[in-house]
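According to the numbering used here, the residues represented by the sequence shown are 73 to 311, in order. Even for Gly, the Cβ is constructed at its ideal location relative to N, Cα and C. Quick caveat, the model's predicted, so the values are computed rather than measured.
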Amino acid sequence: MLPKSRRGACQGVIMNNKTDKMNTSFKQSAKQFIELQHLDDEQLIRFEHLLVDHMVEELPVGSSPTATRTEQTGDLSNAKVRLRFYVALVASLILIVTMSLNFYPQEPAMSWKIADEVAMNHINMKPLEIDAQRIEPLREYFTELNFSIVKSNLFSKQNYQMLGGRYCSIQGVIAAQIRYQTDTGNKVTLYEVGYDAERYGELPKAESSEQALEIYVRGVRVAIWVEKGLLMAEVQSID
73 MLPKSRRGAC
83 QGVIMNNKTD
93 KMNTSFKQSA
103 KQFIELQHLD
113 DEQLIRFEHL
123 LVDHMVEELP
133 VGSSPTATRT
143 EQTGDLSNAK
153 VRLRFYVALV
163 ASLILIVTMS
173 LNFYPQEPAM
183 SWKIADEVAM
193 NHINMKPLEI
203 DAQRIEPLRE
213 YFTELNFSIV
223 KSNLFSKQNY
233 QMLGGRYCSI
243 QGVIAAQIRY
253 QTDTGNKVTL
263 YEVGYDAERY
273 GELPKAESSE
283 QALEIYVRGV
293 RVAIWVEKGL
303 LMAEVQSID
């Protein structure tokens, strides 16, 4: 039988080896987690239960009748070390989850969805359904809308030439697409759709002098704002 001093040294080596193996295993798990970007709720719960079960197994249930006070104290000390180690593991997991949510958002913001959709429509530049240089003929044409198109005070400051319009949709809601042309011949598209805060989220309001939201996507510039109860989206090429 080994002397107590040798037994303590062997226990220390075994503890270090176990800790190194657990550290290596956790690093591998963290690496896989980051590569997969996220764990679902069920996986997180299973991982939490796994940690709790392992902690319970590692904690001393009772002391042997023949164990000395020194050995009992050593077991308790080792248990505290293991407890701190597992608490650190849980904290690390929470940190990784937080970083994953920050770097890998599950779903883009609604404003980005709107910008991407209107940008794609602008780039496709489908033929106009009606030619018009004034807003009145467009109002008479867009009879299927549940709103009346309006002149945007913010947009009209650019003094673009109106070319006409066509029907389109924004996030599944029927909308008006009005095409303009700049002095240099560049095409600019203005989209109008009824504004629903629950569907589209909070957006800058022209009446409150809030600056339009600018998003660059698909190589074009998109400006989004709310005016006269309508969601407006202006799309044009980047100079």
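query, result
"Can you tell me whether Lys259 is helix, strand or coil according to DSSP?", "strand"
"Just to confirm the assignment, what range does the beta strand (DSSP E) spanning Tyr232 have?", "No beta strand (DSSP E) holds Tyr232; DSSP gives it neither H nor E."
"Would you kindly check if the distance between the Cβ of Ile246 and the Cβ of Leu262 is under 8 angstroms?", "no"
"Can you confirm whether the segment 296 to 310 touches the segment 252 to 270 when touching is taken to mean that 3 or more C-beta pairs between the two stretches lie within less than 8 angstroms?", "yes"
"May I ask you to report which of helix, strand or coil DSSP gives Ala284?", "coil"
"Taking just the CA atoms, how far does Gly291 sit from Asp311?", "10 angstroms"
"Starting from the C-beta of Lys185, find all residues in its chain whose C-beta is less than 7 angstroms away, skip the five residues before and the five after it, and write them out in chain order.", "Gln243"
"Could you spell out the range, first to last residue, of the alpha helix (DSSP H) harbouring Gln190?", "The sequence given here has Val at residue 190, not Gln. 182 to 196 is the span of the alpha helix (DSSP H), which, as asked, contains Val190."
"Do Arg206 and Ser220 have their CB atoms nearer than 8 angstroms?", "no"
"Buried or exposed for Ser135, please, with buried defined as at least 16 other CB atoms from any protein chain shown within 10 angstroms of its CB.", "At Ser135 the pLDDT is 47, less than 50, meaning the model places this residue with poor confidence and gives no usable figure here."
"Going by beta-carbon coordinates alone, are Thr254 and Tyr232 separated by less than 8 angstroms?", "yes"
"Taking Cβ to Cβ, would you say Leu217 is nearer than 8 angstroms to Tyr267?", "no"
"For Gly273, which residues of its own chain have a beta-carbon under 6 angstroms away from its beta-carbon, when the five flanking residues on both sides are left out?", "Met182"
"In this structure, does DSSP put Ala204 in helix, strand or coil?", "coil"
"Taking 8 angstroms as the threshold (C-beta atoms), are Leu226 and Ala284 in contact?", "yes"
"Verify whether the separation of the beta carbon atoms of Gly237 and Ala204 is less than 8 angstroms.", "yes"
"Is Tyr213 closer than 8 angstroms to Ile202 when the C-beta atoms are compared?", "yes"
"Based on Cα-Cα distance, which residue from Glu286, Val294, Thr215, Ser228 lies nearest to Ala248?", "Thr215"
"If you compare alpha carbons, which of Glu299, Tyr288, Ile287, Val289 is closest to Ser281?", "Glu299"
"Please report the residue range of the alpha helix (DSSP H) in which Arg271 lies.", "269 to 272"
"I need the DSSP call for Leu226, collapsed to helix, strand or coil.", "helix"
"By DSSP's criteria, Ile242 is part of a beta bridge. Which residues make up the other side?", "Val245"
"Note down, in chain order, each residue of its chain lying with its Cβ closer than 6 angstroms to the Cβ of Ala295, except the 5 sequence neighbours on either side.", "Ala284, Glu286, Glu306"
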